[in-house]
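Each number in our numbering corresponds to the 1-based position in the sequence shown with 28 added.
The beta carbon of each residue, even a glycine, is placed where N, CA and C say it ideally should be.
What follows is a short report on a single structure.
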Amino acid sequence: MGWLGSDAEHKYNKHFESVKDEVEGACAYCARAFGVKEEVKESGVDLMGEFEGHPSLAKLVSEGYQVITF
29 MGWLGSDAEH KYNKHFESVK DEVEGACAYC ARAFGVKEEV KESGVDLMGE
79 FEGHPSLAKL VSEGYQVITF
């Protein structure tokens with residue numbers, strides 16, 4: 029059984045499929061913590077871990093991305 033990005037039967041798969049071309053990457057720390065590191069890699073999503081295993085928000089902002097927090 030895969031994670032929502034790779035499991036076509038997952039209830040959120042349609043949502044992932046609709047945005048996957050816009051996904052820059054996934055947090056390497058969180059992927060390991062939630063036990064889905066290999067599944068994320070298999071889905072083609074890059075693991076990002078420049079800052080203590082987490083993506084560097086400063087790097088993303090410097091590249092022109094906007095950080096949105098809910």
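If we count the other Cβ atoms within 10 Å of its Cβ and call it buried at 16 or more, is residue i buried or exposed?
i   : result
V95 : exposed
A61 : exposed
V64 : buried
V89 : exposed
Could you give the DSSP three-state label for residue i: helix, strand or coil?
i   : result
F79 : strand
K65 : helix
S71 : helix
K39 : coil
Tell me, please, which residues DSSP counts as bridged to residue i.
i   : result
C55 : M76
Ends of the alpha helix (DSSP H) at residue i?
i   : result
S90 : L85 to S90
Next item on the list: Say whether the region 69–84 touches the region 41–53, bearing in mind that this needs 3 or more beta-carbon pairs closer than 8 Å, one atom from each stretch.
Entry: Counting Cβ pairs under 8 Å, three or more are found: they touch.
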